[in-house]
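Input: a single structure, listed below in structure tokens.
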Amino acid sequence: PNGAGKTTCFYMIVGLVQADQGRVLIDDLDISHQPMHGRARAGIGYLPQEASIFRKLSVSDNIMAILETRKELDAGARRKELESLLQEFHITHIRDNL
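Residue 1 is where the sequence shown starts when you use the UniProt record's numbering, and the numbers rise one by one after that.
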């Protein structure tokens with residue numbers, strides 16, 4: 001039913017929304033405080049149905065836009081993380097594609 005909290009619950013599971021209480025577990029691993037990329041490594045991901053709002057950005061720029069939200073990383077650490085992610089997901093060859 002509408003308003004039951006299904007979307008909010010899902011957003012908490014994938015890490016888009018911080019839970020007020022409780023824990024998020026996957027295979028008995030507490031991922032409650034993991035960032036989205038950490039949850040993705042544990043097997044939880046989110047791909048919205050609507051087109052990206054970043055359609056005019058390259059693959060690298062899209063990833064960097066998200067990495068910019070990680071205030072604990074300075075510019076050099078963000079660039080290093082970008083390179084790591086491009087390699088991990090085998091997408092270095094499309095890094096400049098829109």
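Note that CB positions come from ideal geometry on N, CA and C, so glycine has one too.
Nearest to residue i (by Cα), restricted to the options the options
i	options	result
R79	E88, H93, S60, T8	S60
L29	L16, F54, R39	R39
Q34	P48, I63, V17	V17
residue 155	F10, E88, R70	Absent from the model: residue 155. The displayed extent of the chain is 1 to 98, so no value can be given.
Supposed close pair residue i, residue j - CB separation, criterion 8 Å
i	j	result
V24	G45	Their Cβ separation, rounded to whole angstroms, is 14 Å, which puts V24 and G45 out of contact at 8 Å.
G43	I66	Rounded, the Cβ-Cβ distance is 19 Å, inconsistent with contact.
I63	L82	5 Å
L86	R95	6 Å
In DSSP terms, what residue i is bridged to
i	result
I26	L29
**OP:** Could I get the ranges of all uninterrupted alpha helix (DSSP H) runs contained in the UniProt domain "ABC transporter" (1-97), with 4 residues as the minimum, in chain order?
**Re:** Listed in chain order, they are 6-14, 36-41, 59-67, 75-88.
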